[in-house]
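If you read the sequence shown in this note's numbering, its first letter stands for residue 11, the second for the next number, and so on.
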Amino acid sequence: MKANVHGHKETRTRTGIKVLLTSLSAMVAETSTFPIDLTKTRLQLHGESQPLSSSMRRPTKSFRVAAGIVRDQGVSGLYKGLSSAIIRHLFYTPIRIVGYENLRNLVSADGSLSLSSKALVGGISGAIAQFVASPADLVKVRMQADGRLINKGLQPRYKGPFDAFNKIVAMEGLGGLWKGVLPNVQRAFLVNMGELACYDHAKRFVINNQISDDNIYAHILASIMSGLSATMLSCPADVVKTRMMNQAASKEGNVMYKSSYDCLVKTVKIEGLTALWKGFFPTWARLGPWQFFFW
Numbered sequence: 011m012k013a014n015v016h017g018h019k020e021t022r023t024r025t026g027i028k029v030l031l032t033s034l035s036a037m038v039a040e041t042s043t044f045p046i047d048l049t050k051t052r053l054q055l056h057g058e059s060q061p062l063s064s065s066m067r068r069p070t071k072s073f074r075v076a077a078g079i080v081r082d083q084g085v086s087g088l089y090k091g092l093s094s095a096i097i098r099h100l101f102y103t104p105i106r107i108v109g110y111e112n113l114r115n116l117v118s119a120d121g122s123l124s125l126s127s128k129a130l131v132g133g134i135s136g137a138i139a140q141f142v143a144s145p146a147d148l149v150k151v152r153m154q155a156d157g158r159l160i161n162k163g164l165q166p167r168y169k170g171p172f173d174a175f176n177k178i179v180a181m182e183g184l185g186g187l188w189k190g191v192l193p194n195v196q197r198a199f200l201v202n203m204g205e206l207a208c209y210d211h212a213k214r215f216v217i218n219n220q221i222s223d224d225n226i227y228a229h230i231l232a233s234i235m236s237g238l239s240a241t242m243l244s245c246p247a248d249v250v251k252t253r254m255m256n257q258a259a260s261k262e263g264n265v266m267y268k269s270s271y272d273c274l275v276k277t278v279k280i281e282g283l284t285a286l287w288k289g290f291f292p293t294w295a296r297l298g299p300w301q302f303f304f305w
C-alpha cells in the first residue's frame, strides 16, 4: 500500500517537473522564433479579400514584411503579441506534451506505436490543448494584426493582452474568446500529427538505422522533417484560423466571414487556391527552430 502511495507521489512529481520544464522550454522557443510567427500572420492577412487583379494582391516576401515592420515600428514591433503567446503556451504546451506521452503509453506500454497511431495520438492531444488555449491564441493574432493599424498612424485596438481579453468579452461575449476555434483545433490536430508523430518517428528512424547517434544531428534532422510535414498539413487551416480570429464584429454585429467554411470559400474564390498557403515558408522556418529550441 505504502509502495503504491509512494509510486503515485513520484509520478505526480515527475509530471509536475515535466510541466514546468515544458512551459519554460516553450517560452524560450516562442520568444526566439516569435518575429517569424508575426511575419507569417501578416502574410496570411496580406491582400485579404482583394481580387487577383488588385495592386494590394501583389506578392510580397517574408523579408520585405519583416523589414517593413522594423522600419515603421522598430525591432520591438517584431514582438507585438508576445505576452499573449507566452500565456497561450503556459496552457497549450504542457497539455499537448504530457497528454501525448500519457496517451501513447496508454495505447502501448513501451511506446512503440506505428506512425499512423502516433499521428492520431499526437493530433488528439494537440486538439485538446488548443481548445483550452484558443482564447490566448485569438488575442495573440489580433495584437499581431494591430501592427498594421500602427503603420497607418491609427491606434491599435488593444493596449495589452488583459485589455484585449476584457474588450473582447465586453464587445463579443465570452464566446468571442473562442472565435475561430474550429479551424484552430483542426490546425492543431494536423500540426501535431506532423510535428509530434513525425519528430518522434523520424528521430527513432535516424537512431535505429544508425544514420546518427542520439545527438544534436539526429535532433536537427527530425526537427526539419517534422516541421515540413506539419506545415504542409496545417497551412490552409492556419490561414483560415488567422482570418477568423482577426475579425472583430462591428457595432452593428457585421463580420466579413460567417463561418470557417465561408472564410475558406471566399479566400479561394477571391484570392485563388494558393492563398491557403500564404506564409508557408515562415511557418516552416519557424517550426524547425521552434522544435530545436523546445526539444
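Glycine residues also receive a C-beta, built at the ideal position from the N, C-alpha and C atoms. Computed from a predicted model, the values in this text were never measured in an experiment.
Pop quiz: residue i and residue j are said to be a contact at Cβ under 8 Å. What is the actual Cβ separation, rounded to whole angstroms?
| i | j | result |
| --- | --- | --- |
| Lys90 | Arg296 | Actually they are not in contact, since the Cβ atoms of Lys90 and Arg296 sit about 16 Å apart, beyond 8 Å. |
| Cys208 | Ser239 | 5 Å |
| Pro193 | Ser270 | 5 Å |
| Met203 | Ala258 | Contact flag wrong, Cβ pair sits at about 31 Å. |
| Gln140 | Val195 | 5 Å |
| Tyr168 | Ala143 | That pair is no contact at about 18 Å. |
| Lys288 | His56 | 7 Å |
| Ile230 | Asp223 | Rounded, the Cβ-Cβ distance is 13 Å, inconsistent with contact. |
Enumerate in chain order the residues of its own chain whose CB-to-CB distance from residue i is below 6 Å, with the five nearest sequence positions on each side excluded.
| i | result |
| --- | --- |
| Leu286 | Pro246, Val249 |
| Pro45 | Leu88 |
| Val149 | Ser94, Pro171, Ala174 |
Do residue j and residue i have their beta-carbon atoms positioned less than 8 Å apart in this structure?
| i | j | result |
| --- | --- | --- |
| Val131 | Val117 | yes |
| Pro292 | Leu53 | yes |
| Gly183 | Gly87 | no |
| Thr32 | Trp300 | no |
| Leu100 | Ser135 | no |
| Val29 | Val108 | yes |
| Met235 | Ala212 | yes |
| Ile105 | Ile138 | yes |
Examine chain C for any beta-carbon lying closer than 8 Å to the beta-carbon of residue i, and answer yes or no.
| i | result |
| --- | --- |
| Asp156 | No chain C appears in the structure shown, which is made up of a single protein chain. |
With a CB to CB cut of under 8 Å and the five nearest residues on each side skipped, what residues in its chain are close to residue i?
| i | result |
| --- | --- |
| Ser65 | Bear in mind that a pLDDT of 49 at Ser65, under 50, signals an unreliable position, so the number given afterwards is only what the model happens to contain. Cβ neighbours of Ser65 beyond the five flanking positions: none. |
| Gln83 | Lys90, Gly157, Ile160, Asn161 |
| Gln165 | Leu159 |
| Tyr267 | Arg253, Met254, Gln257, Cys273, Lys276 |
| Thr70 | Leu53, His56 |
For residue i, which of the options has the nearest alpha-carbon?
| i | options | result |
| --- | --- | --- |
| Asp147 | Gln83, Ile221, Lys251, Ser33 | Lys251 |
| Asp210 | Ile160, Ala137, Leu283, Ala232 | Ala232 |
| Asp47 | Pro193, Ser35, Ile96, Thr23 | Ile96 |
| Phe172 | Arg98, Val275, Met254, His56 | Arg98 |
| Glu40 | Gly78, Ser94, Arg81, Val29 | Ser94 |
| Leu123 | Leu30, Gly136, Val38, Phe215 | Phe215 |
| Leu187 | Phe199, Lys268, Ala174, Asn218 | Ala174 |
| Gly237 | Ser35, Thr25, Asn225, Val201 | Val201 |
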